[in-house]
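Here the structure is laid out as structure tokens; the discussion comes afterwards.
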Amino acid sequence: MADADLDSVRRAFADLTGLFEDAAHIASEGQGIKALDGGSRQLRRISITMNRLQRRLIILERRLR
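The sequence shown lines up with residues 242 to 306 when you count with the working numbering.
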């Protein structure tokens, strides 16, 4: 694998790792929610993050092929 390709895979993996950390942080904040409105907001945030994770996984998979 060329160095440029390897660097792009490393960047994609770093982005993916960061998104996993973001998702874990959002989920931990959601554990302290006391109102339905707050839960709905947290659910939207985690949903957006999960969609970003899915897109990054697809990008990483393409680069690894």
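Quick reminder that beta carbons are idealized off the backbone N, C-alpha and C, glycines included.
- [ ] Pull up the CB-CB distance for threonine 313 and alanine 264, whole angstroms please, since I reckon it's below 8 Å.
- [x] Past the edges of the chain, shown from 242 to 306, lies residue 313, and the structure says nothing about it.
Check: In terms of alpha-carbon separation, which member of Ile267, Asp246, Asp248 lies closest to glutamine 283?
Finding: Mapped onto the sequence shown, residue 283 falls at position 42. Here the closest residue by C-alpha is Ile267.
Note to self: Taking the alpha carbon of arginine 297 as the reference point, which residue from Phe261, Gly271, Asp246 has its own alpha carbon closest?
What the structure shows: The residue labelled residue 297 in the question sits at position 56 within the sequence shown. With respect to the C-alpha of arginine 297, the residue from Phe261, Gly271, Asp246 having the closest C-alpha is Phe261.
Residues in the same chain with beta-carbon distance under 8 Å from isoleucine 287, minus the five sequence neighbours each way, listed in chain order, please.
Taking the sequence shown and counting its residues from 1, the one referred to as residue 287 is at position 46. Cβ within range, chain order: Ala264, Ile267, Ala268, Gly271.
**Report entry** Sub-8 Å separation of arginine 306 and serine 249 beta-carbons
**Finding:** Here the question's residue 306 lines up with position 65 in the sequence shown. Here the question's residue 249 lines up with position 8 in the sequence shown. Not in contact: arginine 306 and serine 249 (Cβ atoms no closer than 8 Å).
**OP:** Output the distance between the C-alpha atoms of glycine 259 and leucine 277, rounded to the nearest integer angstrom.
**Re:** The count along the sequence shown starts at 1 and reaches residue 259 at position 18. The count along the sequence shown starts at 1 and reaches residue 277 at position 36. So the alpha carbons of these two residues sit roughly 28 Å apart.
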